[in-house]
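Position 54 (the sequence shown) corresponds to 109 in the working numbering; numbering is contiguous.
Have a look at the structure below, then the notes.
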Amino acid sequence: MTTSNLQKIVAEKLISDMLQCQSVRQKERNDWKVLVMDRLATRIISASFVEDIMKKREPLGMLEAVYFIQPTEKSIDELISDFDKGNAFVPKYKAAHVFFTEACNAELFTKLTQSKCAKYIKTLREVNIAFLPYERQVFTLDSPDTFFIAYDPSQAQVRATHLDVIAEQIATLCATLGEYPTIRYRCDNEKMLEFAHAVQQKLNQYKADDTTMGEGGDKAKSVLLLLDRGFDAVSPLLHELTFQGMAHDLLNIENDVFEYEVQTPAGDPKINPGQKQKVLLDENDDLWTELRHQHIAVVTQSITKKIKDFAIQKRVKETDRGERTTMKDLSLMIKKMPQYQKELNAYALHFNIAEQCMNAYNRNSGEKLCSVEQNLAMGTDPEGDRIKDHMRNIVPLLLDTVIGVQDKLRIIMLYILHKNGNVHIGFFSL
56 MTTSNLQKIV AEKLISDMLQ CQSVRQKERN DWKVLVMDRL ATRIISASFV
106 EDIMKKREPL GMLEAVYFIQ PTEKSIDELI SDFDKGNAFV PKYKAAHVFF
156 TEACNAELFT KLTQSKCAKY IKTLREVNIA FLPYERQVFT LDSPDTFFIA
206 YDPSQAQVRA THLDVIAEQI ATLCATLGEY PTIRYRCDNE KMLEFAHAVQ
256 QKLNQYKADD TTMGEGGDKA KSVLLLLDRG FDAVSPLLHE LTFQGMAHDL
306 LNIENDVFEY EVQTPAGDPK INPGQKQKVL LDENDDLWTE LRHQHIAVVT
356 QSITKKIKDF AIQKRVKETD RGERTTMKDL SLMIKKMPQY QKELNAYALH
406 FNIAEQCMNA YNRNSGEKLC SVEQNLAMGT DPEGDRIKDH MRNIVPLLLD
456 TVIGVQDKLR IIMLYILHKN GNVHIGFFSL
């Protein structure tokens, strides 16, 4: 199966396996249904009528509900309570079509089937999509606690159970893509050995249910590479200089939402001058998907060129300021070409992001920081010569009051990693 667009593959699977399931599509007098989801499922799918299972919901007793939830104790308890007359005067919905993101364990399955909710369930299936298709070729398991559970000694009792859930999530990805991969992992890490075996066990279960999984006439054997953060502890500490990474590192972007000031033509009654607008940086933004993995210097040049080409194409004099385009130039262009406001605002958005990135970079001594960070990561200078005394470059940064505490901590941690933890105690007196 092609993986050119993971989001499209997931969408098609959800439609065919869940929303177009025969029991869900069965027409009755009132054909509307409510879609109820928990946190993970909500992030996987978006629909016109969505209710979060963790939120208080008004009873809609005349409607059937489609539950798309992760088979966790919390979500199943919420499902049961929706149909338990002891907790509500009447059931919240007429019936339930329950779709689990992944396999439900025996204990929770028994709890559900022996509850009062069971008689209201018309459909009970596993969709086997327990991952978030974040981008066309990027997925996440939406599990920020995994890092701490994997490494914190106090979490040892829950580690095995948690990693079993993560293994199941990864297996659902492989099943969705129709892959039965060879697993590769770091052999000097006991935790990764256990985790690799857990993933293999889950994959074997899916293979038993679908013997064609991973097979095909011209299909090459895929490889699943399992790496823990210990394999590369340096990268998260470095300042990223590609567009997407730099924007998330330096700007206030939460849940991929960026707020900026809209450039509008003079006299536009619909938008007030200087109005702030929030935009979602996702796969629907063609310019974002084109530029996000490029170096910031290339991005700035690319946007400027696109603006100039657009102005030439529309036969409008773009700017008298020479080669360098500014936000003021874009504002003037929008005034000259109000009919192209949508296109120009798209350029303005990404020009704004790139400009803010560079402003933050320069304001926080980004060039000096990045130079020292990369020297520590590589152990050599840009010419490839080994650096004998890193402290000569590090100390001025640690004493610089302009540089923030977090950036100084990055430098300190990079130095400790560079020295493999063998740092003289006098270093910490700085």
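Backbone N, C-alpha and C define an ideal beta-carbon position, used for all residues, glycine too.
It should be emphasised that the depicted structure is a prediction, and the values quoted were computed from it without experimental measurement.
Do you know whose CA, among N307, P291, R347 and Q396, lies nearest Q429's CA? Residue P291 is the option with its Cα nearest to Q429.
Helix, strand or coil for L472 per DSSP? Helix at L472.
Looking only at its own chain, which residues have a Cβ that is under 6 Å from the Cβ of Q411, when we skip the five neighbours before and after it? For Q411, where only same-chain residues beyond five positions count, the Cβ hits under 6 Å are L306.
Spell out a yes or no on whether the segment 196-203 and the segment 151-171 are touching, meaning 3 or more CB-CB pairs, one atom from each, closer than 8 Å. No, because fewer than three Cβ pairs between the segment 196-203 and the segment 151-171 fall closer than 8 Å, the two stretches do not touch.
On the CB-based measure, 16 or more other CB atoms within 10 Å of its CB, does S103 come out buried or exposed? Residue confidence is low: S103 scores 31 on pLDDT, short of 50, so the model does not pin down where it sits. Its coordinate-derived value is still stated next. The Cβ neighbour count for S103, taken over all protein chains shown within 10 Å, is under 16; the residue is labelled exposed.
May I ask you to list the residues that DSSP assigns as paired with Q332? In DSSP, Q332 forms a bridge with Y315.
According to DSSP, simplified to helix, strand and coil, what is I238? In the structure shown, I238 adopts extended strand secondary structure according to DSSP, grouped into three states.
Let me know the secondary structure DSSP gives T456 once reduced to three states. Secondary structure of T456 (DSSP, three-state): coil.
Is the number of C-beta pairs between the segment 250-260 and the segment 279-286 that are closer than 8 Å three or more? Proximity of the segment 250-260 to the segment 279-286 meets the contact definition, three or more beta-carbon pairs being nearer than 8 Å.
Using a Cβ-Cβ cut-off of 7 Å (strictly less than) and excluding sequence neighbours within five positions of S420, which residues of its own chain qualify? Once the five neighbours on either side are set aside, the close Cβ partners of S420 are D455, V457 and I458.
For the alpha helix (DSSP H) that contains I530, what are its first and last residues? Because the chain in this structure spans residues 56 to 485, residue 530 falls outside the shown range and cannot be described.
9 Å Cβ cutoff met for L336 and Q396: Cβ distance not < 9 Å, so L336 and Q396 don't count as in contact.
Find the nearest neighbour of S426 within the set Y206, Q368 and E295, judged by alpha-carbon distance. Looking at the Cα atoms, E295 is the closest of the given residues.
Test item: CB-CB of P236 and C229 under 9 Å: The criterion of a C-beta distance shorter than 9 Å is satisfied by P236 and C229.
Is it the case that the Cβ atoms of L404 and L342 are separated by a distance below 9 Å? Contact annotation: L404 and L342 have beta-carbon atoms nearer than 9 Å.
Which of the three DSSP states, helix, strand or coil, is assigned to G441? Strictly speaking, residue 441 in this sequence is Arg, with Gly absent from that position. Strand at R441.
Assumed close pair K177, S78 - CB separation to whole angstroms, cut-off 8 Å: Between S78 and K177 the Cβ distance is about 5 Å, and since that is below 8 Å, they are a contact.
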